[in-house]
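Asker:
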Amino acid sequence: MVWTQAFTSPVLAADTANGAKLFEVHCVGCHVNGGNIVRWNKTLQLRALERNKVNTIDAIATLVANGKANMSAYKDRLTIAEIEDVSAYVLEQANKGWR
Numbered sequence: 014m015v016w017t018q019a020f021t022s023p024v025l026a027a028d029t030a031n032g033a034k035l036f037e038v039h040c041v042g043c044h045v046n047g048g049n050i051v052r053w054n055k056t057l058q059l060r061a062l063e064r065n066k067v068n069t070i071d072a073i074a075t076l077v078a079n080g081k082a083n084m085s086a087y088k089d090r091l092t093i094a095e096i097e098d099v100s101a102y103v104l105e106q107a108n109k110g111w112r
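Under the working numbering, read the sequence shown as residues 14 to 112, first letter to last.
1) Quick check on the DSSP output: what are the complete alpha helix (DSSP H) runs of length 4 or more inside the region 68 to 102, in order along the chain?
2) Where does I70 land, buried or exposed, given buried means 16+ other C-beta within 10 angstroms?
3) Is Q106 helix, strand or coil by DSSP?
4) Mapping DSSP to helix, strand and coil, what is G32?
5) L59 lies in the alpha helix (DSSP H); which residues open and close that run?
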């Protein structure tokens, strides 16, 4: 079963500060500095996100929620708002080059 959800409500903006905290707890183990220790070509760098067509908050959020291949699904561990927050943080950092 694939979980789909419309993210990025125009009324409620994502909280990237909360996304940063969530990233540190749930993501940094595999994605430190936007990298990927499991699959080197599936990083969170902007070029990789664009190449893999995961370069929008919605696309990142769907991947975070459902997982894919070696990536765990977080739909049962994070709320929709938390998934949106961490997804917005990832895209923000990718646009900044993870600096």
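Here a beta-carbon is modelled for each residue, glycine too, at the ideal position from N, C-alpha and C.
Answerer: Taking the coordinates as given:
1) Listed in chain order, they are 70 to 79.
2) Taking the first residue of the sequence shown as position 1, residue 70 is located at position 57. Its Cβ being crowded by 16 or more others within 10 Å, I70 is buried.
3) For the purposes of this step, residue 106 is taken as residue 93 along the sequence shown, with counting starting at 1. Correct three-state label for Q106: helix.
4) The residue given as residue 32 occupies position 19 in the sequence shown. Looking at G32 - three-state DSSP - the assignment turns out to be helix.
5) What you label residue 59 is simply residue 46 of the sequence shown in a count that begins at 1. 59 to 64 is the extent of the alpha helix (DSSP H) around L59.
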